[in-house]
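J.:
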Amino acid sequence: MKLSKIKELLRCKVFFEPQELSEEEFLNACGSDLMSDVLAFVKEKVILLTGLVNPQVIRTAEMMDIKAVIIVRGKQPSEEMVKLAREKCIALYSTDFPMFQACGILYENGLGKEGC
Amino acid sequence: MPLTMEFDIKAGDFVLAGEASSKIKDTLKKLGVKPEILKKVAIVSYEAEMNIVIHSVGGVLKAIISKDKIEIIAEDRGPGIENIELAMMEGYSTAPEEIRNLGFGAGMGLPNMKKYSDYFEIESQKGSGTRVYMVVLNK
Chain A
1 MKLSKIKELL RCKVFFEPQE LSEEEFLNAC GSDLMSDVLA FVKEKVILLT
51 GLVNPQVIRT AEMMDIKAVI IVRGKQPSEE MVKLAREKCI ALYSTDFPMF
101 QACGILYENG LGKEGC
Chain B
1 MPLTMEFDIK AGDFVLAGEA SSKIKDTLKK LGVKPEILKK VAIVSYEAEM
51 NIVIHSVGGV LKAIISKDKI EIIAEDRGPG IENIELAMME GYSTAPEEIR
101 NLGFGAGMGL PNMKKYSDYF EIESQKGSGT RVYMVVLNK
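In structure tokens form, the structure reads like this:
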């Protein structure tokens, strides 16, 4: 699923978006507030959905080559988080949907259904 | 000649936490290390770095990069682990609430480090430091 489609489905607010990412295809999503669980989720072309708003989310994404992070439940990222996302070239969005619904919407629309 | 990178890691510095692992990852990338090897090193070094930031009074993270392997060494100055067997269990954690709020301290760090390294060794004593030695084979 293209990032532009993911953004549209979740009605995302954009905090940072590297231009080249909008048409990038993603195959799966990881929804978690536990960064160590994210570090154990070794899959390719993944976006991260989380309720956490601190720089460690971006660091974790960087380590796992996760190129896009969506904050759920309408939370605002901290200034440090936005700054680091910019520095590391990781897309950062927020959605008003809670975690369960956000994951559900993406799954229902086909993300992560191909057993990748 | 192996390439050695060494970083001082401060306890409790959650803004900088992860920067050392990021530099190690960038260096390996520039050296052309394969993505799957890169990810394993990134996971184990980041978990080790976070452990120093969260649990210790400060320490050092070291990467020794050779052609056939990448060694990651995390050494801290205390307070040490009372029961290593217990600390290695998935889900066991002594991290305080504020660390859990950051998304860490769920007791997955050491098990993740063991899982993603090809060789894992931990030495620690209550009252002195902890040393974790990990090897990721580059093949």
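Residue numbers (the UniProt record's numbering), protein chains in the order written: chain A, 1 to 116; chain B, 1 to 139.
Note that the Cβ used here is the ideal one computed from N, Cα and C, for glycine as well.
(1) Tell me, please, which residues DSSP counts as bridged to Tyr-133 of chain B.
(2) Do you know how far the Cα of Leu-52 of chain A is from the Cα of Cys-116 of chain A?
(3) For chain A, check one thing: does any of its Cβ atoms lie closer than 8 Å to the Cβ of Ser-128 of chain B?
(4) Sorted by chain position, which residues of the same chain lie with C-beta nearer than 6 Å to Ala-85 of chain A's C-beta, five sequence neighbours on each side aside?
(5) So the candidates are A:Gly-104, A:Asn-54 and A:Leu-106; which of them puts its Cα closest to the Cα of Pro-77 of chain A?
(6) Using a Cβ-Cβ distance under 8 Å, would Ser-36 of chain A count as near chain B?
(7) DSSP on Ser-4 of chain A, reduced to helix/strand/coil?
(8) With 8 Å set as the bound, which would you pick, yes or no: does the beta-carbon of Met-88 of chain B sit closer than that to a beta-carbon of chain A?
(9) Using a Cβ-Cβ cutoff of 7 Å, what residues of the region 41 to 74 of chain B are near chain A? List them in chain order.
(10) Would you please state the rounded distance, in angstroms, between the beta carbons of Tyr-92 of chain B and Gly-103 of chain B? I believe it to be under 8 Å.
T.: Looking at the atomic coordinates:
(1) Translated into the one-based positions of the second sequence, residue 133 of chain B becomes position 133. In DSSP, Tyr-133 of chain B forms a bridge with B:Ile-73 and B:Glu-121.
(2) Taking the first sequence and counting its residues from 1, the one referred to as residue 116 of chain A is at position 116. Taking the first sequence and counting its residues from 1, the one referred to as residue 52 of chain A is at position 52. Model confidence at Cys-116 of chain A stands at a pLDDT of 46, short of 50, so the residue's coordinates are unreliable and nothing is read from them.
(3) As a working note, residue 128 of chain B is residue 128 in the second sequence. For Ser-128 of chain B, the answer is no, since every Cβ of chain A falls outside 8 Å of its Cβ.
(4) Taking the first sequence and counting its residues from 1, the one referred to as residue 85 of chain A is at position 85. If you ignore the 5 residues before and after Ala-85 of chain A, its C-beta comes within less than 6 Å of the C-beta of Phe-16, Ile-58 and Leu-92, all in its own chain and listed in chain order.
(5) Looking up residue 77 of chain A in the first sequence gives position 77. Answer by Cα proximity: A:Asn-54.
(6) Here residue 36 of chain A corresponds to residue number 36 of the first sequence, with the count starting at 1. Closer than 8 Å to some Cβ of chain B, the Cβ of Ser-36 of chain A qualifies, so yes.
(7) The residue given as residue 4 of chain A occupies position 4 in the first sequence. Looking at Ser-4 of chain A - three-state DSSP - the assignment turns out to be helix.
(8) Taking the second sequence and counting its residues from 1, one reaches residue 88 of chain B at position 88. Not an interface residue.
(9) Ala-42, Ile-43, Tyr-46 and Glu-47
(10) The residue given as residue 92 of chain B occupies position 92 in the second sequence. The residue given as residue 103 of chain B occupies position 103 in the second sequence. No, Tyr-92 of chain B and Gly-103 of chain B are not in contact; Cβ-Cβ is about 17 Å, not under 8 Å.
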